[in-house]
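J.: In UniProt numbering, the protein residues as written are 1 to 119.
C-beta atoms are modelled at their ideal positions from N, C-alpha and C, and glycine is treated no differently.
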Amino acid sequence: MNFGWNMEVFRYMAVVIVLGIAYGLLQFAFSIRKAASGAEGNFCLIFMIMSYMLASGAAAGLAVTVNYQNNFDSLKVFSEFYEKAYASSSILLLAFVLAAALSVISTYALPKKECETSG
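Shown next as structure tokens:
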């Protein structure tokens, strides 16, 4: 039975979560390598792409969950599913907010580091 549900958004949200975890683990491994060897590394572009994916995953998940809940669940049959969808979308939104805060903090720290090394 198909009620017109489009589950691609929830699949996209799951893929963004998996990619976010993979990126976090990869960044952690490279940070340990950088600390151990003193090598330089820059993941600025990948970080920005991942931030936008987190934001789009959170927005898509929240919007579609609200839409499905209002249009298809008048009997409150799938309330547990919607609670889990809201929780995962909220975690994605929190991850984006923290990534944005980290980006702002790192832009303030970068000029200080360049000034200390050059002069």
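For A60 versus V9, is the C-beta distance shorter than 8 Å?
T.: Numbered from its first residue, the sequence shown carries residue 60 at position 60. Numbered from its first residue, the sequence shown carries residue 9 at position 9. Yes. Within cutoff.
J.: So what's M13 in DSSP terms, helix, strand or just coil?
T.: To locate residue 13, count along the sequence shown from 1; it is residue 13. Helix.
J.: Within 10 Å of its beta-carbon, does T65 have 16 or more other beta-carbons around it, so buried, or fewer, so exposed?
T.: Residue numbering aside, residue 65 sits at position 65 when the sequence shown is read from its first letter. Burial call: buried.
J.: DSSP on F81, reduced to helix/strand/coil?
T.: Along the sequence shown, one-based indexing puts residue 81 at 81. Note: F81 maps to helix in three-state DSSP.
J.: Taking 8 Å as the cut-off, decide whether the C-beta atoms of S89 and M13 are in contact.
T.: By one-based count along the sequence shown, residue 89 stands at place 89. By one-based count along the sequence shown, residue 13 stands at place 13. Yes, the pair counts as a contact, with Cβ atoms nearer than the cut-off.
J.: Count the C-beta pairs between the stretch 14–26 and the stretch 87–101 that are closer than 8 Å, then say yes if the count reaches three, no if not.
T.: yes
J.: From M1 to Y86, what does the alpha carbon distance come to, in whole angstroms?
T.: Position 1 of the sequence shown, counting from 1, holds the residue named residue 1. Position 86 of the sequence shown, counting from 1, holds the residue named residue 86. Since pLDDT at M1 reaches only 45, below the 50 mark, its modelled position is unreliable, and no value is offered.
J.: Let's test the definition: count the other Cβ atoms within 10 Å of the Cβ of Y108 and tell me whether it reaches 16, buried, or not, exposed.
T.: Taking the first residue of the sequence shown as 1, we reach residue 108 at position 108. Burial call: exposed.
J.: Just how far apart, CA to CA, sit Y52 and A36?
T.: Position 52 of the sequence shown, counted from the start, is the residue given in the question as residue 52. Position 36 of the sequence shown, counted from the start, is the residue given in the question as residue 36. Spanning the two alpha carbons is a distance of roughly 30 Å.
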